[in-house]
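2 protein chains.
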Amino acid sequence: MVQKHIGIRDVAEAAGVSVTTVSHVLNNTPHSRTSSETRARVKDAAARLGYGPNRMAQGLRTQRSGMIGLLSEEIATTPHAGRIILGAQETARAHDLTLVIINSERDANDENHRADVDALLNRQVDGILYATMYHRELSLPANLLGTPAVLIDASDKAGLVPSVVPDEEGGAIAAVQALTDAGHRRIGFLNNIDDVPATRGRLDGYRAVLAATGITYDPQLVTNSPSETAAGYAVARTILDQANRPTALFCYNDRMAMGAYRAAAELGLSIPHDLSIVGFDNQELIAANIYPALTTVALPHYEMGAWAVETLVGLMAGHEEGRLLADQPTLIACPLVVRDSIAPPFSTNQHEPKD
Amino acid sequence: MVQKHIGIRDVAEAAGVSVTTVSHVLNNTPHSRTSSETRARVKDAAARLGYGPNRMAQGLRTQRSGMIGLLSEEIATTPHAGRIILGAQETARAHDLTLVIINSERDANDENHRADVDALLNRQVDGILYATMYHRELSLPANLLGTPAVLIDASDKAGLVPSVVPDEEGGAIAAVQALTDAGHRRIGFLNNIDDVPATRGRLDGYRAVLAATGITYDPQLVTNSPSETAAGYAVARTILDQANRPTALFCYNDRMAMGAYRAAAELGLSIPHDLSIVGFDNQELIAANIYPALTTVALPHYEMGAWAVETLVGLMAGHEEGRLLADQPTLIACPLVVRDSIAPPFSTNQHEPKD
Chain A
57 MVQKHIGIRD
67 VAEAAGVSVT
77 TVSHVLNNTP
87 HSRTSSETRA
97 RVKDAAARLG
107 YGPNRMAQGL
117 RTQRSGMIGL
127 LSEEIATTPH
137 AGRIILGAQE
147 TARAHDLTLV
157 IINSERDAND
167 ENHRADVDAL
177 LNRQVDGILY
187 ATMYHRELSL
197 PANLLGTPAV
207 LIDASDKAGL
217 VPSVVPDEEG
227 GAIAAVQALT
237 DAGHRRIGFL
247 NNIDDVPATR
257 GRLDGYRAVL
267 AATGITYDPQ
277 LVTNSPSETA
287 AGYAVARTIL
297 DQANRPTALF
307 CYNDRMAMGA
317 YRAAAELGLS
327 IPHDLSIVGF
337 DNQELIAANI
347 YPALTTVALP
357 HYEMGAWAVE
367 TLVGLMAGHE
377 EGRLLADQPT
387 LIACPLVVRD
397 SIAPPFSTNQ
407 HEPKD
Chain B
57 MVQKHIGIRD
67 VAEAAGVSVT
77 TVSHVLNNTP
87 HSRTSSETRA
97 RVKDAAARLG
107 YGPNRMAQGL
117 RTQRSGMIGL
127 LSEEIATTPH
137 AGRIILGAQE
147 TARAHDLTLV
157 IINSERDAND
167 ENHRADVDAL
177 LNRQVDGILY
187 ATMYHRELSL
197 PANLLGTPAV
207 LIDASDKAGL
217 VPSVVPDEEG
227 GAIAAVQALT
237 DAGHRRIGFL
247 NNIDDVPATR
257 GRLDGYRAVL
267 AATGITYDPQ
277 LVTNSPSETA
287 AGYAVARTIL
297 DQANRPTALF
307 CYNDRMAMGA
317 YRAAAELGLS
327 IPHDLSIVGF
337 DNQELIAANI
347 YPALTTVALP
357 HYEMGAWAVE
367 TLVGLMAGHE
377 EGRLLADQPT
387 LIACPLVVRD
397 SIAPPFSTNQ
407 HEPKD
């Protein structure tokens, strides 16, 4: 007698609902909007077909563990990791998968990365997400290539693995556009000094808005320094302490913007009336808590985590689209988060000359 | 023929090393300082005894999955979660256990918490860590009680489950002591308004230092407000804008301290020379980045995560000590993190009268 393998799709069909609904009901996913009538129908169908939630037995039956691994750099030291984990975990749950997390050190050497991947493979994960804590290009550990894998916030130098990264240029366009829309034409850019995609992409976005608005690019208004608060303060002091100072600053990140706030306060410049500032990252602890609250650009960490799991599920099912995605990173939009740090230039200093 | 069950202890014995070393070697734990000679000996012993890293097969043999679940509130919105996860994950790894994480909403209702616990139990976890994102007392979901469980940053109202919490009073003592040691005697306390253990414990610590130093408690110097930046600003304005203002402020958290910085700046008070400030939480994005950098008290999130896994491992092994710990929460110290926001009172205003 041939025993038909009963899967979640059979339950969904029998109950006349989607696979996601079956997953929500059988996993008791909180906050899913499923009526009690539907829940009862799904549970009846599952019981009738003998489909149970015992993942370990199920893993043996299907040669799958129902687990996907997330190798995440620096869980502990950045608030970004949490949003990636949340996006990945909620999406994994909707697919009836469990997310297993291993923390890796930033800039760990190749051997350590291989060891982290091995640790996940030893747990029989069905696929691996590999998340870096800032957007960069990397060479993958060789042992990652035999398993379905997706990169988050990083791109694969060899182009073998699908990856998802923030649209740095688009985010910078949104930020600088917000300044030109408010009437600014002399806009400083406190850029990072590291040669990473964000440094290049955000400069491209800054230049694109200037070009589109008919503003000549002035290299005097663009600085490169470490992307920290202290360096942001120092370069903002220099760039603001001149006769023909910019009326607005675009800062590479919220920490540099925080340094620029301090420079403005010391120079007696009131934000946003004497100086408009826009940041990048939407680090809420900073952006929502400094005064005035910082208008900035959000990095799409939740969305990248969710996209990566959806793509990984496709790879695990053997879909072709996933592999095709490996050619180049998929970009996810970085939206502007409007708070209180942008106003028209000289909005309270009417006696000052416009340039 | 009786097949003896081969465990990690057998491998350790055969190789003449500790269980932890075997775990590190067989899991390829990065950064473990094991010589290549030891690694070879462990691998030989494991191969000879037939001890392999296949967790799924091992789970069936021992009726254990080798997984422990971490139910964590608000992974996404607090930098605290990361340190708990890191402490738990590194300790789990040393015990050859995999940490599975489920995110839960803060203040989710009882039914949702039950569902989250069920989701972990369905994955056959051997034990559950239950972490809340701020220190409080809670009633546990009933389905948690049949499984080894440890609470992190929360205590169990019923006293059935071991728990680990920050030593709030000790942390406050360290903070206020730093101010009295610098010579302050008029010390304001911007306390939280919520009736939670931190509010009560930090007030106890504040009063304990005053009593020990012979300073009369002055209720005029203690405020209760929401523990946010804006409220911190408002109460600091009020408390500092009086003739006999305090020379130092102890703030319930770093966000309130950030508000107090703004109030001080508006009143022309320079930190630390005109006003010393000490915070609580050590939210590094704030504490290390505001100017001057904030002296504050660290919450022991990593240590609580590590303690919880050690205790859970004991419970899973049936040790009695774990159960005995349930009577009352285990306290972990909150150390002072010294930065630049404390100086002796009136350290630059020598002409001002001392009180």
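Chains as they are written, first to last, in our numbering: chain A, 57 to 411; chain B, 57 to 411. Glycine included, every Cβ here is placed at the ideal spot set by N, Cα and C. Since the model is a prediction, treat every value here as computed from it, not as a measurement.
In this structure, E193/B sits near A210/B, with a CB-CB distance shorter than 8 Å. For L266/A, same chain residues with a beta-carbon under 6 Å away, outside a window of 5 residues either side, are Y273 in chain order. Boundaries of the alpha helix (DSSP H) harbouring T294/A: T285 to L296, taken from the DSSP string. In this model, L341/B and R311/A are separated by some 8 Å (Cα to Cα). Of the candidates L246/B, T352/B and P253/B, P253/B places its Cα closest to the Cα of P222/B. Of the residues assessed, I295/B falls on the buried side of the cut-off, its CB having 16 or more other CB atoms within 10 angstroms. A Cβ-Cβ distance of about 6 Å is found for the pair G288/B and L246/B, placing them in contact under the 8 Å criterion. Judged by DSSP in its simplified three-state form, P302/B adopts coil rather than helix or strand. Residue pairing from DSSP places M123/B in a beta bridge opposite T154/B.
Residues of chain B with a Cβ closer than 8 Å to the Cβ of L341/A are, in chain order, P135, R311, Q339, L341 and I342. At least one CB atom of chain A sits nearer than 8 Å to the CB of V156/B.
I346/A and A364/B have their C-alpha atoms roughly 35 Å apart. Secondary structure of I208/B (DSSP, three-state): strand. Note on geometry: alpha-carbon atoms of P348/A and P328/A lie some 8 Å from one another. Per DSSP, the continuous alpha helix (DSSP H) segment holding T94/A begins and ends at S92 to L105. By the rule that beta-carbons nearer than 8 Å mark a contact, T147/B does not touch chain A. Between I208/B and V220/B, the gap from beta carbon to beta carbon is short of 8 Å.
Assignment of beta-bridge partners to S160/B by DSSP yields E129/B. The three-state reading of DSSP puts P282/A in coil, since its state is none of H, G, I, E or B.
Excluding five sequence positions before and after R263/B, the CB atoms of its chain that fall closer than 8 Å to its own CB belong to Y273, given in chain order. Taking the beta carbon of N247/A as reference, no residue of chain B falls within 9 Å; the closest one sits roughly 19 Å away. Classified as exposed, E167/A has fewer than 16 neighbouring CB atoms from the shown chains inside 10 Å of its CB. Each residue's CA atom was taken as its position, placing D100/A and A68/B some 49 Å apart. S79/B and E359/B have their C-alpha atoms some 21 Å from each other. Among the residues facing chain A, N280/B is not included, as its CB has no counterpart in that chain under 8 Å away.
Spatial neighbours of L331/B in its own chain (CB-CB distance under 6 Å, excluding positions within 5 residues in sequence) are listed in chain order as A320 and L325. The Cβ atoms of T154/A and V156/B sit closer than 8 Å to each other. If you draw a straight line from the Cα of A96/A to the Cα of R65/A, it is about 17 Å long. If one requires a minimum length of 3 residues, the beta strand (DSSP E) runs lying completely within the segment 327–407 of chain B are 332–334 and 386–388, in chain order. D251/A and A171/B have their C-alpha atoms some 46 Å from each other.
Note on geometry: alpha-carbon atoms of N159/B and T279/A lie some 41 Å from one another. What Y347/A touches in chain B, judged by beta-carbon distance under 7 Å, is R318, going in chain order. Under the Cβ criterion of 8 Å, A321/A is counted among the residues facing chain B. Under the Cβ criterion of 8 Å, G335/B is not counted among the residues facing chain A. The residues H151, in chain order, have a CB closer than 6 Å to that of V369/B in the same chain once the five nearest residues on each side in sequence are set aside. Contact between E366/B and T147/B holds, with the beta-carbon distance rounding to 6 Å and staying under 8 Å.
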